[in-house]
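Undergrad: After the structure tokens below, expect a handful of questions from me.
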Amino acid sequence: MFENELSKLQTQLVQAGVNEFDDLATRYYFFGTLIPNFQEFDIFFEKNGVIYHKETLPGWN
Numbered sequence: 001m002f003e004n005e006l007s008k009l010q011t012q013l014v015q016a017g018v019n020e021f022d023d024l025a026t027r028y029y030f031f032g033t034l035i036p037n038f039q040e041f042d043i044f045f046e047k048n049g050v051i052y053h054k055e056t057l058p059g060w061n
């Protein structure tokens, strides 16, 4: 069950990143924190070799 939920969250996170931040950078990094009753995702992007923190998003249920 956890794997199905994680897969769903990963798909939503990547889609949100593409919709929101497409064409901003050459590479994106998505990091997630999943613990009971708490989900958070950080989005970083790389442009010209420099990595920037773009946004922290709450997890989806």
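FYI, the numbering for the sequence shown is 1 to 61, going by this note's numbering. Here a beta-carbon is modelled for each residue, glycine too, at the ideal position from N, C-alpha and C. Small disclaimer: the values here were computed from a predicted structure and weren't measured.
1) Leu13: buried (16+ other C-beta within 10 angstroms of its C-beta) or exposed?
2) Can you tell me which residues form a DSSP beta bridge with Thr33?
3) Let me know if Ile35 comes out buried or exposed under the rule of 16 or more other beta-carbons within 10 Å of its beta-carbon.
4) For Thr115, does the three-state DSSP call read helix, strand or coil?
5) Please determine, among Val18, Leu9, Asn37 and Thr26, the residue with the shortest C-alpha to C-alpha distance to Tyr52.
TA: Checking against the coordinates, here is how it stands:
1) buried
2) In DSSP, Thr33 forms a bridge with Glu40.
3) exposed
4) In the structure displayed, the chain extends from 1 to 61; residue 115 sits before or after that span and is not available.
5) Thr26
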